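For the record, the sequence lines run as chains A and B.
Under numbering that gives the first Met the number 0, the first residue of the first sequence is numbered 0, with each subsequent residue one higher.
Under numbering that gives the first Met the number 0, the first residue of the second sequence is numbered 0, with each subsequent residue one higher.
2 protein chains.
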Amino acid sequence: MKRQEFINQLMERANGTPCERGEAFAPANIALCKYWGKRNAELNLPVNSSLSISLGSLGTRTVVRYAECADGVFLNGEAAPRAFSARVSAYLDLFRRGRQFFEVRTENTIPTAAGLASSASGFAALVKALDELLGWGFSLCELSMLARVGSGSASRSLFDGFAVWHMGQRADGMDSFAEGFSEDWKELRVGILEVSNAWKKVGSTEGMNRTRETSELFEAWPAQAQCDYDELRTAIAAKDFPMFGKTAENNAMAMHATMMAAWPPLCYWLPQTVSLMQEVWCAREGGLDLYFTMDAGPNLKLLFLEESRAAVKALFPMVQVVEPFA
Amino acid sequence: MKRQEFINQLMERANGTPCERGEAFAPANIALCKYWGKRNAELNLPVNSSLSISLGSLGTRTVVRYAECADGVFLNGEAAPRAFSARVSAYLDLFRRGRQFFEVRTENTIPTAAGLASSASGFAALVKALDELLGWGFSLCELSMLARVGSGSASRSLFDGFAVWHMGQRADGMDSFAEGFSEDWKELRVGILEVSNAWKKVGSTEGMNRTRETSELFEAWPAQAQCDYDELRTAIAAKDFPMFGKTAENNAMAMHATMMAAWPPLCYWLPQTVSLMQEVWCAREGGLDLYFTMDAGPNLKLLFLEESRAAVKALFPMVQVVEPFA
């Protein structure tokens with residue numbers, strides 16, 4: 000099934016009222032059970048379900064208006080880089096009627112393409128803004144499928160708090176959507192340790208494809224991810240922080256492991272990444288309840304509870320602490 | 000089957016003449032297809048066959064004599080560290096007749112326990128020296144099985160050049176031995192990049208066990224290793240260096256990947272390890288035929304041909320170049 004057919008099928012459900020402009024915010028999200036590997040690249044259908052936590056006010060705010068004779072794409076107040084504009088315009092192509100153009104003004108409160116998932120909040124904010132502008136009147140579940148077509152992990156950025164993205168089974172992708180879930184965890188903290196905010200040399204789609212095609216170890220990934228997904232749901236329901244942290248960290252390490260076994264080898268880590276990881280392991284051996292996760296980039300996201308905040312701050316003075324349920 | 004029974008069974012084949020002393024040298028070896036995971040921990044029987052290259056004059060020289068009332072174990076001219084002596088004495092227990100003691104003087108030309116496989120050359124030199132002292136008159140194949148009981152990878156250090164260690168199928172371990180093979184490759188170079196010669200916090204036996212027990216990705220390892228083993232044999236026969244280098248590097252990365260997905264995560268890399276890996280990848284993208292392998296430690300072993308020596312030296316001035324077939 001083609002991307003356009005998928006969109007057309009969804010558009011038959013549209014029943015809202017168009018506006019002159021659309022404006023929306025979507026949070027970044029950190030996957031605790033990662034989206035890694037596509038069963039369908041055209042529709043961004045994954046080989047495993049994933050689970051994330053959204054980062055509250057860290058994310059993307061986007062305003063969409065109609066434009067006269069060409070798309071205009073602005074990022075943080077300036078004309079966006081070419082690759083960025085091209086990706087947005089290609090996505091807008093899916094929704095144009097005739098010679099219709101858009102102005103997209105997007106502001107990130109997080110570094111772009113540094114493994115802090117700004118394409119996730121970007122596409123999520125864009126579909127919400129388009130929903131208002133074009134008057135689709137879609138549910139968050141429907142919007143999550145539209146966002147998914149732009150960037151898989153964007154499906155989870157429609158929600159605050161915890162979100163799951165069901166991998167789905169259908170070839171047409173109509174059952175591969177995200178939803179929030181009602182559990183919260185007031186004491187949970189995410190600590191961002193930025194190692195580099197440079198643009199990635201190998202994007203995550205390319206990274207996934209290379210891994211799926213060349214890494215022998217990848218064959219064990221979908222089963223591990225399913226298992227981690229179940230464990231995380233259990234840990235969240237029980238507020239079992241050690242189980243939660245262990246499962247998230249192990250899932251991230253396993254994802255990076257599948258990449259390292261790819262050819263050419265794919266290693267998003269920088270020397271400082273290893274040094275921070277070793278510090279976390281050392282602190283944990285010393286009794287601190289501290290875990291981390293990492294996306295396809297060099298940055299660490301620490302996971303801890305409010306009671307450990309002072310100890311974490313002492314260990315990593317540069318940490319940026321997020322309260323997902325504030 | 001117990002270790003002692005295995006030894007007793009082999010000892011029935013002994014038919015040589017004892018001497019007053021035994022002296023032997025064994026080379027270190029670098030696995031190109033790694034030994035990683037035991038199917039029998041008591042007998043050091045592996046889950047996969049492995050393949051290595053010996054490092055010529057880098058290795059261990061050992062002299063064994065009878066001693067009066069206790070074992071004496073000396074490493075590089077000094078009384079050996081307690082853990083080292085204890086391991087040697089426990090191994091000697093397998094061969095004692097009555098109240099028999101030994102003096103073992105061992106000299107390493109490579110750092111001990113820094114992932115440069117000195118336990119391999121150590122046990123290989125020890126069994127060769129014992130063969131002379133105790134007059135077993137064993138073949139290299141039989142000695143490789145004795146060495147294997149001391150340290151799995153020691154089985155391959157009985158040979159110069161390339162060696163293979165057949166995993167074997169039998170429960171009693173009598174078909175799990177190493178042998179050299181006649182192929183040589185005069186132009187092949189191994190470049191040692193030492194990041195640290197500190198003692199390892201987690202020994203390789205513990206690392207293997209933890210990985211086998213907790214890493215979901217490990218289930219894909221034995222099949223990958225078998226495939227890499229076959230590819231390396233093909234590449235060596237054809238003197239296909241890119242295939243050789245790629246297979247060895249991918250095998251090492253996959254081994255480290257299985258560890259990272261273990262719990263607690265096992266990462267032998269230091270920040271500088273990642274930095275050196277990135278330099279190799281960068282040089283290769285720039286056209287240099289350069290690959291690396293790594294054991295359960297932070298050091299890199301570069302693989303290249305004589306024609307690239309100057310370029311490699313320029314890139315890594317601290318590299319120690321070994322000519323395995325000199």
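Beta carbons: idealized from backbone N, C-alpha and C, even for Gly.
These numbers come from a predicted model, not from an experiment.
Alpha carbon to alpha carbon, how far is residue j from residue i? Give it in angstroms, no decimals.
i, j, result
"N196 of chain B", "A69 of chain B", "30 Å"
"G286 of chain B", "L301 of chain B", "15 Å"
"R2 of chain B", "A282 of chain B", "47 Å"
"A89 of chain A", "F101 of chain A", "12 Å"
"M207 of chain B", "A66 of chain B", "35 Å"
"L50 of chain A", "V321 of chain A", "18 Å"
"A170 of chain A", "E178 of chain A", "20 Å"
"L57 of chain A", "D294 of chain A", "16 Å"
"R351 of chain A", "R64 of chain A", "One cannot answer for residue 351 of chain A here, as it falls past the ends of chain A, which runs 0 to 325."
"T246 of chain A", "E230 of chain A", "7 Å"
"E212 of chain A", "M144 of chain A", "25 Å"
"T61 of chain A", "Q99 of chain A", "19 Å"
"N298 of chain A", "W268 of chain A", "8 Å"
"V201 of chain A", "M10 of chain B", "57 Å"
"W280 of chain A", "P316 of chain A", "17 Å"
"P80 of chain A", "L192 of chain A", "25 Å"
"G149 of chain B", "F161 of chain B", "21 Å"
"L74 of chain B", "A128 of chain B", "15 Å"
"P323 of chain B", "W184 of chain B", "8 Å"
"T105 of chain A", "A251 of chain A", "29 Å"
"C140 of chain B", "A261 of chain A", "35 Å"
"L314 of chain B", "F5 of chain B", "48 Å"
"D227 of chain A", "Q8 of chain A", "33 Å"
"S274 of chain B", "S274 of chain A", "12 Å"
"A13 of chain B", "G71 of chain B", "25 Å"
"E306 of chain A", "T272 of chain B", "35 Å"
"S203 of chain A", "A82 of chain B", "46 Å"
What in chain B is Cβ-close to residue i, meaning under 7 Å?
i, result
"K245 of chain A", "W262"
"M252 of chain A", "M259, A260 and P264"
"Q225 of chain A", "Those within 7 Å of Q225 of chain A in chain B number zero; the least Cβ separation is about 11 Å."
"E218 of chain A", "A219"
"H255 of chain A", "M259"
Going by DSSP in three states, residue i sits in which element: helix, strand or coil?
i, result
"S203 of chain B", "helix"
"S56 of chain B", "strand"
"E106 of chain B", "strand"
"Q99 of chain B", "coil"
"T210 of chain A", "helix"
"C140 of chain B", "helix"
"P323 of chain A", "coil"
"N39 of chain B", "strand"
"K238 of chain B", "coil"
"L289 of chain A", "coil"
"A219 of chain B", "helix"
"K348 of chain B", "Residue 348 of chain B falls outside the range modelled here, since chain B spans only 0 to 325, and no answer is possible."
"R308 of chain B", "helix"
Whose Cβ in chain A lies nearer than 9 Å to the Cβ of residue i?
i, result
"L269 of chain B", "P270, V273, S274 and Q277"
"W280 of chain B", "P263, P264 and C266"
"E11 of chain B", "None at all; the shortest Cβ gap to chain A is about 42 Å."
"E106 of chain B", "Near E106 of chain B there are no residues of chain A at all, since even the closest Cβ is about 33 Å away, more than 9 Å."
Which chain B residues are close to residue i, counting only those with a beta carbon under 8 Å from its beta carbon?
i, result
"N249 of chain A", "A260, W262 and P264"
Could you tell me how far apart the beta carbons of residue i and residue j are, in whole angstroms, since I believe they sit closer than 8 Å?
i, j, result
"P270 of chain A", "P264 of chain B", "Between P264 of chain B and P270 of chain A the Cβ distance is about 17 Å, and since that is not below 8 Å, they are no contact."
"S53 of chain B", "V163 of chain B", "So it is not a contact: roughly 12 Å between Cβ atoms."
"L187 of chain B", "L93 of chain B", "Contact flag wrong, Cβ pair sits at about 36 Å."
"G190 of chain B", "Q319 of chain B", "7 Å"
"P17 of chain A", "G134 of chain A", "4 Å"
"D159 of chain B", "P26 of chain B", "6 Å"
"V103 of chain A", "L132 of chain A", "V103 of chain A to L132 of chain A, Cβ: 10 Å. No contact."
"L216 of chain B", "L42 of chain A", "The Cβ separation is near 27 Å, so there is no contact."
"H165 of chain A", "S181 of chain A", "Not confirmed; about 16 Å, so no contact."
Give the interface partners of residue i over in chain B, defined as CB-CB distance under 9 Å, in chain order.
i, result
"L50 of chain A", "Those within 9 Å of L50 of chain A in chain B number zero; the least Cβ separation is about 17 Å."
What does residue i touch in chain A if you count any residue whose Cβ is under 8 Å from its own?
i, result
"A222 of chain B", "E215"
Quick check: does the Cβ of residue i come within less than 7 Å of any heavy atom belonging to the ligand SAM?
i, result
"D92 of chain B", "The ligand SAM is not among the ligands present in this structure, which contains no ligands whatsoever."
Check: Just checking, does the segment 119-133 of chain B make contact with the segment 152-171 of chain B on the three C-beta pairs under 8 Å criterion?
Finding: yes
Next item on the list: Would you be able to state if there are at least three C-beta pairs under 8 Å between the segment 234-243 of chain A and the segment 255-262 of chain B?
Entry: no
Notebook entry, point to check: On the three-pair Cβ rule with 8 Å, is the segment 72-89 of chain B touching the segment 12-27 of chain B?
Noted result: no
Notebook entry, point to check: Within the chosen definition, does the segment 222-236 of chain A reach the segment 26-46 of chain B through at least 3 CB pairs nearer than 8 Å?
Noted result: no
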